[in-house]
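To convert, note that position 225 of the sequence shown is 234 in my numbering; the numbers rise steadily by one, no gaps. Where a beta carbon is used, it is the ideal one built from N, C-alpha and C, also for glycine.
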Amino acid sequence: SVPAVAAAVVAAIATLAIVGWIFGIKPLMTVFPGLVSMKPNTAIGFMVAAWALYLAYQRKHRTLQGICAWMVFLMGLVTLIEYIWGTDAGIDQLLFRDPVQTLFPGRMAPITAFNFMLIGSMVYPSRLRASQKVGDTLALVVCFGSTFAIVGYLYGVPVLYGSIRYTAMAIHTGFAFLVLSLGFLFIQKERGLVRVFQADTAGGIVARRLVPPAIFIPIVVGAVFNRFNFGQLRLGIAFIVVCNVSLVVAAIWSLARALDKSAIKRGMAQRASEVDALTGIHNRGYFDRRLRAEIQRCVRHARVSCLILFDIDHFKSLNDRFGHPFGDEVLQTIAQACETALRATDVICRYGGDEFALLLAETRGGEAISRGGQVRHLARGRRQRLNVAP
10 SVPAVAAAVV
20 AAIATLAIVG
30 WIFGIKPLMT
40 VFPGLVSMKP
50 NTAIGFMVAA
60 WALYLAYQRK
70 HRTLQGICAW
80 MVFLMGLVTL
90 IEYIWGTDAG
100 IDQLLFRDPV
110 QTLFPGRMAP
120 ITAFNFMLIG
130 SMVYPSRLRA
140 SQKVGDTLAL
150 VVCFGSTFAI
160 VGYLYGVPVL
170 YGSIRYTAMA
180 IHTGFAFLVL
190 SLGFLFIQKE
200 RGLVRVFQAD
210 TAGGIVARRL
220 VPPAIFIPIV
230 VGAVFNRFNF
240 GQLRLGIAFI
250 VVCNVSLVVA
260 AIWSLARALD
270 KSAIKRGMAQ
280 RASEVDALTG
290 IHNRGYFDRR
300 LRAEIQRCVR
310 HARVSCLILF
320 DIDHFKSLND
330 RFGHPFGDEV
340 LQTIAQACET
350 ALRATDVICR
360 YGGDEFALLL
370 AETRGGEAIS
380 RGGQVRHLAR
390 GRRQRLNVAP
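Written as structure tokens, this is what we have:
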């Protein structure tokens, strides 16, 4: 549900900005005092884009989704035309008068308009049915552009979030674009860029553990250094190096621990898939694989192995007379007798029902008969308690 959450977050940001314009609440318009405000047209564009993203996620109401996508695209296109041709289409202050005296009052930034054109192209229904790579590429372009704007605010570099000559992008505008693009990437996660993040594989674990730190560690460390530069360049560089090394090592350690846990879980799952739940010995699937491998080994190296198959006499009558729990106890007792009599290298299997199979590697016929007799003897020793003679 990442796309739905992303749409809700963007819609909430846009709604707060509109409320700020209606009631003149500066923090809702600018987030922080003195920063650039989110323009009314930008907030409306985000509302429409969030609705289009949600419809794309739900995969219904394609016509309405297409209308929303066109509205977002045309809003960005008209604004860019205003900048390029120096015209005024009358949409900048259509709803609210911008009290700030700027070169283009009420007009969204050029990068904002360009991003809206990309967003409209991304969420258009026919595009979603076309190449996933095209949509992912557009989403990444929006991600990079919005990330530059956010970093520009953190580092105090105005050129990253807007030129002095034109309108600048607001900080929450950049954040909303980032959330929108990430939400779009998760719409078709089964075949898009984020598919690897969902995979229960080593690649998925690596992506989930290392990509977020690789993005946020340099940004955070750089922002801290920019805020507290210590007055000495070399000291600041040393601070960045130590912080990056420490955080990267912590990320790698976290990844190694996750991979180790994943390997243990896979080993346990594989073990569980090869063991009979009742008796604790191997099941038929595992035995069939080992039998094929042992036959190939014997043929290749001219070696000798033996296979013993046996069942429990009158097992059905035991179940009918004493009940299935007693029959289960019989099966467990036979399995324990096999494990006691045979070597650790031998393969013991519950072949099916009351049938058992023993694979004795590097064993000739006479020795195999002797070991089978040992199994029978151990089982007979418990005959009175079980009331069965195998």
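- Query: Looking at V151 and F105, is the spacing between their C-beta atoms short of 8 Å?
  - Reply: no
- Task: Buried or exposed for I196, please, with buried defined as at least 16 other CB atoms from any protein chain shown within 10 angstroms of its CB.
- Result: buried
- Relative to the alpha-carbon of N235, which residue among V160, Q305, V257 has its alpha-carbon at the smallest distance? V160
- Count the other C-beta atoms from every protein chain shown that fall within 10 angstroms of the C-beta of L37, then say buried if there are 16 or more, exposed otherwise. buried
- Under a Cβ-count criterion, where at least 16 other Cβ atoms within 10 Å of its own Cβ denotes burial, should V384 be classed as buried or exposed? buried
- Can you have a look at E376 and say buried or exposed, based on whether 16 or more other CB atoms are within 10 angstroms of its CB? exposed
- Which of helix, strand or coil DSSP assigns to Y360: strand
- A259: which of H333, D337, P222, A350 sits nearest, CA to CA? P222
- Message: So, at 8 Å on beta carbons, what are the nonlocal neighbours of P12 in its own chain, with the 5 sequence-adjacent residues on each side left out?
- Response: L62, Y63, A65, Y66, G192, F193, F195, I196
- Buried or exposed by the 16-neighbour rule on C-beta atoms within 10 Å, applied to T96: exposed
- Query: When DSSP labels each residue in this structure, what does D209 get in the three-state scheme?
  - Reply: coil
- Item | Bounding residues of the alpha helix (DSSP H) (the contiguous stretch that carries L44) | That residue, L44, is in no alpha helix (DSSP H); it is neither H nor E in DSSP.
- Message: When you compare the CB positions of R359 and D285, do they come within less than 8 Å of one another, or not?
- Response: yes
- Message: Short of 6 Å in beta carbon distance, which residues of its chain neighbour V203, apart from the five on each side in sequence? Order them along the chain.
- Response: L194, F195
- Task: Locate the alpha helix (DSSP H) running through I304, then write down its first and last residues.
- Result: 293-310
- Assuming S271 and I214 form a contact by the criterion Cβ under 8 Å, report the distance between their Cβ atoms to the nearest whole angstrom. 6 Å
- Which whole-angstrom value is the C-beta distance of I120 and G154, which I expect to be below 8 Å? 6 Å
- Cα-Cα, which of G381, I378, T24, A370 is closest to T182? T24
- Report all residues from its chain with a CB closer than 7 Å to the CB of I128; omit the five preceding and five following residues, and keep chain order. A58, V81, V151, L189
- What's the C-alpha gap between A118 and L83? 15 Å
- Query: To the nearest whole angstrom, what separates the beta carbons of I228 and L287, a pair I think is in contact under 8 Å?
  - Reply: Contact flag wrong, Cβ pair sits at about 56 Å.
- Any idea what DSSP makes of L316, helix, strand or coil? strand
- How is A17 classed by DSSP in three states: helix, strand or coil? helix
- Message: Quick check on the DSSP output: the alpha helix (DSSP H) that includes A388 runs from which residue to which?
- Response: 374-389
- Query: Alpha carbon to alpha carbon, how far is C209 from L219?
  - Reply: Position check: residue 209 holds Asp in this sequence, whereas Cys was assumed. Those two C-alpha atoms are separated by around 15 Å.
- Message: To the nearest angstrom, how far is the alpha carbon of I304 from that of I317?
- Response: 14 Å
- Does any CB atom of chain D fall closer than 8 Å to the CB of Y360? Given the protein chain composition of this structure (a single chain), no chain D is represented.
- Message: Please report the distance separating the alpha-carbon of V313 from that of S282.
- Response: 29 Å
- Item | Three-state secondary structure (DSSP) of A278 | helix
- Extent of the continuous alpha helix (DSSP H) to which I93 belongs: 71-94
- Task: Measuring alpha carbon to alpha carbon, tell me which of L44, Y170, K274, T176 ends up nearest L112.
- Result: T176
- Query: Using a Cβ-Cβ cut-off of 6 Å (strictly less than) and excluding sequence neighbours within five positions of V18, which residues of its own chain qualify?
  - Reply: V188
- Query: Cα separation between R301 and L369?
  - Reply: 13 Å
- Message: My parser needs the alpha helix (DSSP H) runs of 4 or more residues fully inside the region 100-149; what are they?
- Response: 119-131, 134-137
- Query: Considering K325, what are the terminal residues of the alpha helix (DSSP H) in which it resides?
  - Reply: 324-331
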